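Notes follow the structure.
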Amino acid sequence: MSENLTKLAHKIDFTKDQCDGKNYTSTEGDKASEDESTGTPFQPSLWPWDSVRTKLKMALTEVSVLQDVLNITKQKHYMVLDTVSAEAPEARTGLHLYAKKRTLSLASSVLLNGAERLRRSQEASSKKIVPDFHQELLRVRQTWRLKKVGDTILGDLSYKSAGSRFMQNGTFEVTKSDVDPIDLLDSPNAPSHSQSPLQISVPSELEGVVYIQVVIKRLSDSTDLASAELSLPRRSVPSDTYWQHKLEAAQNAIFCKERSSPRSADSLLRRLFTWLLQLSREAIQVKAKIPHLVIGNQIFSHLFPGVQLSVALCHSTDKDKRMTQGSPSPSKHDPVLEHSLHQLLRETHFKNIYHPLPHPVTGIVGVSKRRCLAGPHAFTYSDMVELSCSESLLDRILKQARHTVVHQWAIKVVDELARSIQDPQISAHWGNISSPLESSIKVNITTPFVLHILTDGMRAVCKDGRVIDLSWEPQHLRDLILSQIAQHHIISVQNLSKMMGWPVLSVNTHLGIGDVEPVCNALAIMLASPNGTRVLSIRSGPVSRVRVGLQRYPRRSAPVTSSFDGDGTPPSDIITDPKWQNLGSAFMRVDMDKIEGRNFVNKIEILMASLTTE
Amino acid sequence: MEMPSLNRSMAPLQEYLLQGSILDKHRGPFLHRLNGLCDVVSEMPEKFHDHEMVYHLKGVGVQPMVFRVRRALDHPDSPWHVRYVGQPEIGDKTRQTLVRSYIDVGTSDNISLFLTEMGFKQDHEYVAKGYIFRKGRMKIVVSKIYRMPHQGNTETLDVVSESHVVELSVLAPHGQDQVQEDMKNFAEQLKPLIQLEKIDHKRLQ
Numbered sequence: 001m002s003e004n005l006t007k008l009a010h011k012i013d014f015t016k017d018q019c020d021g022k023n024y025t026s027t028e029g030d031k032a033s034e035d036e037s038t039g040t041p042f043q044p045s046l047w048p049w050d051s052v053r054t055k056l057k058m059a060l061t062e063v064s065v066l067q068d069v070l071n072i073t074k075q076k077h078y079m080v081l082d083t084v085s086a087e088a089p090e091a092r093t094g095l096h097l098y099a100k101k102r103t104l105s106l107a108s109s110v111l112l113n114g115a116e117r118l119r120r121s122q123e124a125s126s127k128k129i130v131p132d133f134h135q136e137l138l139r140v141r142q143t144w145r146l147k148k149v150g151d152t153i154l155g156d157l158s159y160k161s162a163g164s165r166f167m168q169n170g171t172f173e174v175t176k177s178d179v180d181p182i183d184l185l186d187s188p189n190a191p192s193h194s195q196s197p198l199q200i201s202v203p204s205e206l207e208g209v210v211y212i213q214v215v216i217k218r219l220s221d222s223t224d225l226a227s228a229e230l231s232l233p234r235r236s237v238p239s240d241t242y243w244q245h246k247l248e249a250a251q252n253a254i255f256c257k258e259r260s261s262p263r264s265a266d267s268l269l270r271r272l273f274t275w276l277l278q279l280s281r282e283a284i285q286v287k288a289k290i291p292h293l294v295i296g297n298q299i300f301s302h303l304f305p306g307v308q309l310s311v312a313l314c315h316s317t318d319k320d321k322r323m324t325q326g327s328p329s330p331s332k333h334d335p336v337l338e339h340s341l342h343q344l345l346r347e348t349h350f351k352n353i354y355h356p357l358p359h360p361v362t363g364i365v366g367v368s369k370r371r372c373l374a375g376p377h378a379f380t381y382s383d384m385v386e387l388s389c390s391e392s393l394l395d396r397i398l399k400q401a402r403h404t405v406v407h408q409w410a411i412k413v414v415d416e417l418a419r420s421i422q423d424p425q426i427s428a429h430w431g432n433i434s435s436p437l438e439s440s441i442k443v444n445i446t447t448p449f450v451l452h453i454l455t456d457g458m459r460a461v462c463k464d465g466r467v468i469d470l471s472w473e474p475q476h477l478r479d480l481i482l483s484q485i486a487q488h489h490i491i492s493v494q495n496l497s498k499m500m501g502w503p504v505l506s507v508n509t510h511l512g513i514g515d516v517e518p519v520c521n522a523l524a525i526m527l528a529s530p531n532g533t534r535v536l537s538i539r540s541g542p543v544s545r546v547r548v549g550l551q552r553y554p555r556r557s558a559p560v561t562s563s564f565d566g567d568g569t570p571p572s573d574i575i576t577d578p579k580w581q582n583l584g585s586a587f588m589r590v591d592m593d594k595i596e597g598r599n600f601v602n603k604i605e606i607l608m609a610s611l612t613t614e
Numbered sequence: 001m002e003m004p005s006l007n008r009s010m011a012p013l014q015e016y017l018l019q020g021s022i023l024d025k026h027r028g029p030f031l032h033r034l035n036g037l038c039d040v041v042s043e044m045p046e047k048f049h050d051h052e053m054v055y056h057l058k059g060v061g062v063q064p065m066v067f068r069v070r071r072a073l074d075h076p077d078s079p080w081h082v083r084y085v086g087q088p089e090i091g092d093k094t095r096q097t098l099v100r101s102y103i104d105v106g107t108s109d110n111i112s113l114f115l116t117e118m119g120f121k122q123d124h125e126y127v128a129k130g131y132i133f134r135k136g137r138m139k140i141v142v143s144k145i146y147r148m149p150h151q152g153n154t155e156t157l158d159v160v161s162e163s164h165v166v167e168l169s170v171l172a173p174h175g176q177d178q179v180q181e182d183m184k185n186f187a188e189q190l191k192p193l194i195q196l197e198k199i200d201h202k203r204l205q
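Listed in order, the protein sequences are those of chains G and L. When we follow the UniProt record's numbering, the leftmost residue of the first sequence carries the number 1, and every step to the right adds one. When we follow the UniProt record's numbering, the leftmost residue of the second sequence carries the number 1, and every step to the right adds one.
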């Protein structure tokens with residue numbers, strides 16, 4: 001400011017000089033030097049006082065400006081004059097510190113205020129003194145999808161993003177409860193749901209407990225062979241608020257503390273509905289030998305003669321549930337079937353949303369991989385038709401159900417036989433790896449055979465490479481195992497004969513003589529003792545079991561003397577030549593029960609040993 | 001499985017196209033955004049690695065006929081793909097996307113030989129690597145283009161630029177203007193990251 005002042009003073013001086021200089025306009029050089037010193041070009045004016053007048057005017061302006069500035073600085077409102085001195089920075093740091101302190105204290109007070117408010121609101125929410133609509137809404141918002149349409153708040157229960165094509169309207173509405181929260185405080189005994197400031201209105205068909213029950217029944221005595229319930233896991237923790245309870249009930253959902261998977265819950269409900277609709281549609285469309293029946297919420301279908309599958313949508317409201325809870329369900333729960341049905345459903349939904357992307361990327365989106373190959377690989381018309389038809393969901397369920405039934409029957413037959421037949425011992429190993437439509441058992445009767453259980457029947461693969469296809473009838477499996485046992489006896493005797501040194505005279509796997517077996521054919525083997533004096537004949541039938549006969553050479557009977565010899569052949573008067581005695585006598589039956597030994601093979605061994613040494 | 005093309009009459013298809021490009025260093029956030037917006041079943045976006053050969057059949061005084069042959073290097077079993085892409089129509093302001101006619105067919109792997117026999121000459125070839133996304137009918141291809149210094153050798157590759165080409169396309173029968181609207185809306189959602197526009201190819205040449 002002082003600089004400015006001096007400058008102005010200079011200027012005033014200068015104008016004086018110029019005014020004076022005007023009087024001595026003697027030399028050109030003087031004038032030029034003055035012009036250079038001021039830096040303002042001298043212009044010879046027409047009116048001699050012109051420049052003086054302008055200078056004066058400028059001086060006046062500047063003086064008035066100065067005055068204004070001084071006036072303003074006097075007020076100390078907009079401008080402060082500062083002394084130019086060395087002590088100035090010290091004073092400034094003090095001010096600075098003060099300002100800092102003040103701003104910090106302001107900021108801290110704002111933060112403290114906020115913290116206080118937060119704490120108060122948290123306390124209020126934990127105590128639930130006054131349930132707030134917005135807080136409740138926030139909590140709903142954390143777990144469910146909500147959106148605002150106009151003045152109403154709508155929630156979405158549907159799970160289209162999971163691949164469900166079910167088009168039912170899955171919206172629920174969130175409204176503000178009419179009850180005044182202060183009234184609620186006065187009446188703490190009121191039912192819990194009325195205390196919530198939130199009201200949830202769910203479509204009536206979604207209320208209550210919903211599950212799909214799949215039951216396989218035997219018609220003759222109406223016993224359940226297997227059943228599965230497709231629903232969500234039961235709620236383990238009681239829900240704490242009304243809206244949660246209601247929504248969960250609507251969706252048959254589990255209340256999980258973490259609330260980790262609320263979406264999977266609603267998706268399943270959607271799927272249950274989708275399923276039933278699709279199933280009933282298919283049930284009408286699919287032409288079966290025995291048509292599927294659709295009655296109300298139930299679908300009946302025949303798996304095998306006398307075995308029925310029913311798929312039912314069970315829907316119970318809370319009141320019904322309480323009533324039915326008392327009676328334990330008589331059905332036999334099959335978790336495997338249930339799991340595989342769940343898997344089936346998941347697979348269907350995955351297929352709905354997943355379409356393979358084309359490679360190379362210029363290809364058309366949404367075309368299946370096999371169809372892309374159709375052109376270049378020159379598929380025929382029939383191939384193309386095959387591509388387009390897909391198995392219906394109901395068909396797949398039926399297949400799974402059939403497999404479950406056949407599987408159960410197979411277990412039953414193998415177990416029964418293993419229990420009833422001690423010799424040989426039957427052991428069964430169930431394959432760990434199985435699919436919903438196929439599983440396998442390895443049945444060990446010394447020589448193992450593998451039994452594949454399919455949907456409509458069974459396939460046995462024997463050790464010798466024979467493949468036998470069986471129908472679903474359990475009797476067929478029983479017959480097969482019995483014939484395998486019969487075979488086992490003969491084979492083991494055959495092996496034993498090698499060790500004992502008994503030559504095998506004949507083996508017949510399908511014996512044409514003797515009693516006719518109800519199932520399969522009997523097998524027989526004939527063995528001669530090492531010295532050729534004894535012949536053992538063993539016949540093994542699936543039903544008639546094992547019979548052992550013994551023949552001796554030569555006939556013991558003396559041709560003339562005794563009346564009856566040990567072989568039971570009558571003495572003959574006609575055949576007297578001893579050479580005829582070398583003909584085989586009639587077979588005598590050996591009572592195997594009376595022979596010592598732990599099992600059949602052991603007994604035969606002992607028999608052979610005693611006959612050899614005899 | 002639905003068969004969209006069987007139900008369709010044999011009306012010629014149109015390709016509705018929007019194009020853009022993004023620098024390599026911004027690819028990560030862009031892919032994340034696409035992953036969120038598109039119908040993605042798996043965690044990771046689907047990759048592709050294609051080799052494209054462009055064949056020209058030059059006539060006298062007419063525009064050459066251009067066939068584009070593409071094969072997937074990472075899926076050797078999948079059929080090769082030949083497409084004919086018509087001249088793009090820019091249209092006026094009311095039209096949101098580039099429209100061009102599109103004819104394609106899947107072929108066996110000896111298509112190159114067949115085209116050469118017919119008199120086509122290979123004009124150029126390149127390798128494209130990148131990611132493919134799907135949203136409804138829309139296909140989003142984020143690809144990096146590589147030059148092939150040796151003809152037919154897809155092993156040694158040179159990078160063409162430090163950016164990725166992004167193409168948003170839909171194949172639809174002629175006159176489906178709703179598609180353009182959808183594409184525009186989708187492009188709007190990608191806006192701060194990438195500007196998808198209809199690009200006049202003639203001006204670039």
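Every residue, glycine too, gets a C-beta built ideally from N, C-alpha and C. A quick note: this is a predicted structure, and the numbers were derived from the prediction, not measured.
**Boundaries of the beta strand (DSSP E) in which Arg71 (chain L) is found, first to last residue** = Counted as a single uninterrupted DSSP element, the beta strand (DSSP E) harbouring Arg71 (chain L) occupies residues Met65 to Ala72.
**Prompt:** If you draw a straight line from the C-alpha of Tyr24 (chain G) to the C-alpha of Val65 (chain G), how long is it?
**Reply:** Here Tyr24 (chain G) scores only 45 on pLDDT, less than 50, and its place in the model should not be relied on; the value that follows carries that caveat. Approximately 32 Å, taken between the alpha carbons.
**Request:** Can you have a look at Gly306 (chain G) and say buried or exposed, based on whether 16 or more other CB atoms are within 10 angstroms of its CB?
**Result:** By the neighbour-count rule (16 or more Cβ atoms within 10 Å), Gly306 (chain G) is not buried but exposed.
**Message:** Under DSSP, the beta strand (DSSP E) around Lys129 (chain L) begins and ends at which residues?
**Reply:** Lys129 (chain L): member of the beta strand (DSSP E) spanning Lys121 to Lys135, first to last residue.
**Request:** Measure the CB-CB distance between Ala226 (chain G) and Thr404 (chain G) and report whether it falls below 8 Å.
**Result:** At a Cβ-Cβ threshold of 8 Å, Ala226 (chain G) and Thr404 (chain G) count as neighbours.
**Message:** Pairs of beta-carbons, one from the region 164-178 of chain L and one from the region 65-79 of chain L, closer than 8 Å: are there three or more?
**Reply:** Verdict: no, contact absent.
**Request:** Using a Cβ-Cβ cut-off of 8 Å, state whether Phe186 (chain L) counts as contacting chain G.
**Result:** No, its Cβ sits nowhere closer than 8 Å to a Cβ of chain G.
**Request:** Would you please state the rounded distance, in angstroms, between the beta carbons of Glu167 (chain L) and Leu17 (chain L)? I believe it to be under 8 Å.
**Result:** With 8 Å as the limit, Glu167 (chain L) and Leu17 (chain L) qualify as a contact, their Cβ atoms being about 6 Å apart.
**Asked** Can you list the residues of chain G that Asp50 (chain L) reaches, using a CB-CB cut of under 9 Å?
**Response** Close partners of Asp50 (chain L) in chain G (Cβ separation under 9 Å): His359, Pro360, Val361 and Thr362.
**Prompt:** How is Pro192 (chain L) classed by DSSP in three states: helix, strand or coil?
**Reply:** Pro192 (chain L): coil per DSSP, three-state reduction.
**Asked** How about Val141 (chain L): is its C-beta nearer than 8 Å to some C-beta of chain G?
**Response** Look at Val141 (chain L): its C-beta is under 8 Å from a C-beta on chain G.
**For His429 (chain G), the three-state DSSP class (helix, strand or coil)** = Residue state, collapsed to three classes: strand.
**Request:** Mind listing the chain G neighbours of Asp104 (chain L)? Cutoff is C-beta to C-beta under 8 Å, in chain order.
**Result:** Within 8 Å Cβ-Cβ: Thr362, Gly363 and Ile364.
**Item:** Simplified DSSP assignment, three categories, for Ile485 (chain G)
**Value:** Ile485 (chain G) carries a helical assignment under DSSP once its states are collapsed to helix, strand and coil.
**Asked** Under 8 Å, do Leu496 (chain G) and Val601 (chain G) count as touching if we go by C-beta distance?
**Response** Result yes, Cβ atoms of Leu496 (chain G) and Val601 (chain G) sit closer than 8 Å.
**Asked** What residue range is occupied by the uninterrupted beta strand (DSSP E) comprising Trp80 (chain L)?
**Response** That run of the beta strand (DSSP E) goes Trp80 to Val85.
**Request:** Taking 8 Å as the cut-off, decide whether the C-beta atoms of Leu56 (chain L) and Lys121 (chain L) are in contact.
**Result:** In the sequence as presented, Leu is not what sits at residue 56 (chain L); that position holds His. In terms of Cβ geometry, His56 (chain L) and Lys121 (chain L) form a close pair [threshold 8 Å].
**Message:** By alpha-carbon positions, which one of G:Leu437, G:Gln142, G:Trp144 and G:Glu173 ends up nearest to Gly150 (chain G)?
**Reply:** Of the candidates G:Leu437, G:Gln142, G:Trp144 and G:Glu173, the one whose C-alpha sits nearest the C-alpha of Gly150 (chain G) is G:Glu173.
**Beta-carbon contacts of Pro188 (chain G) that lie in its chain and below 6 Å, excluding the five residues immediately before and after** = Note that Pro188 (chain G) has pLDDT 44, beneath the 50 cutoff, so the model's placement of it is unreliable and the number below is only indicative. None.
**Prompt:** Nearest to Gln425 (chain G) by alpha carbon, out of G:Arg53, G:Ile433 and G:Asn444?
**Reply:** Relative to the Cα of Gln425 (chain G), the nearest Cα in the group G:Arg53, G:Ile433 and G:Asn444 belongs to G:Asn444.
**Asked** What do you reckon, are the CB atoms on Phe48 (chain L) and Ile111 (chain L) nearer than 8 Å?
**Response** Result no, Cβ atoms of Phe48 (chain L) and Ile111 (chain L) do not sit closer than 8 Å.
**Request:** Would you please verify whether the beta carbon of His75 (chain L) is less than 8 Å from any beta carbon of chain G?
**Result:** So, interface residue.
**Message:** Rounding to the nearest angstrom, what Cα-Cα distance links Arg396 (chain G) and Leu345 (chain G) in this structure?
**Reply:** For Arg396 (chain G) and Leu345 (chain G), the distance between alpha carbons rounds to 10 Å.
**Item:** Glu438 (chain G) - partner residues in DSSP beta bridges
**Value:** DSSP lists G:Ser435 as partners of Glu438 (chain G).
**Request:** State yes or no: is the beta carbon of Pro376 (chain G) nearer than 8 Å to at least one beta carbon in chain L?
**Result:** Closer than 8 Å to some Cβ of chain L, the Cβ of Pro376 (chain G) qualifies, so yes.
**Item:** Neighbourhood of Pro149 (chain L) by C-beta, 7 Å cutoff - its chain only, sequence neighbours within 5 removed
**Value:** Excluding positions up to five away in sequence, the list reads Thr156 and Asp158.
**Request:** Just confirm the distance between the C-beta atoms of Leu393 (chain G) and Thr455 (chain G), as a whole number of angstroms; I'd bet it's less than 8 Å.
**Result:** About 15 Å; that fails the 8 Å criterion.
**Message:** Rounded to whole angstroms, what is the Cα-Cα separation between Gln151 (chain L) and Met118 (chain L)?
**Reply:** Spanning the two alpha carbons is a distance of roughly 20 Å.
**Euclidean distance between Cα positions of His355 (chain G) and Arg371 (chain G)** = Taking the straight line from one Cα to the other gives about 12 Å.
**Residue from L:Phe30, L:Glu52, L:Asn35 and L:Asp50 with nearest C-alpha to Met44 (chain L)** = Ranking the options by Cα distance to Met44 (chain L), first place goes to L:Asn35.
**Request:** To the nearest angstrom, report how far apart Ser434 (chain G) and Asp24 (chain L) are at their CA atoms.
**Result:** Rounded to whole angstroms, Ser434 (chain G) to Asp24 (chain L) spans 48 Å at the Cα level.
**Closest residue to Ile481 (chain G) among G:Ala374, G:Val413, G:Glu517 and G:Ser544 (Cα-Cα distance)** = Proximity to Ile481 (chain G) across G:Ala374, G:Val413, G:Glu517 and G:Ser544 peaks at G:Val413, based on C-alpha coordinates.
**Environment of Ala187 (chain L) [buried if 16+ CB atoms lie within 10 Å]** = Classification for Ala187 (chain L): buried.
**Asked** Is Gln400 (chain G) buried or exposed, if buried means 16 or more other CB atoms sit within 10 Å of its CB?
**Response** Residue burial annotation: Gln400 (chain G) is buried, with at least 16 other C-beta atoms found within 10 angstroms of its C-beta.
**Candidates L:Gln96, L:Leu73 and L:Lys191, of which the one nearest Ile199 (chain L) by Cα** = Of L:Gln96, L:Leu73 and L:Lys191, the residue nearest in Cα terms is L:Gln96.
**Asked** Under the rule that 16 or more other beta-carbon atoms within 10 Å means buried, what is Glu197 (chain L), buried or exposed?
**Response** Around the beta-carbon of Glu197 (chain L), fewer than 16 other beta-carbon atoms lie within 10 Å, marking it exposed.
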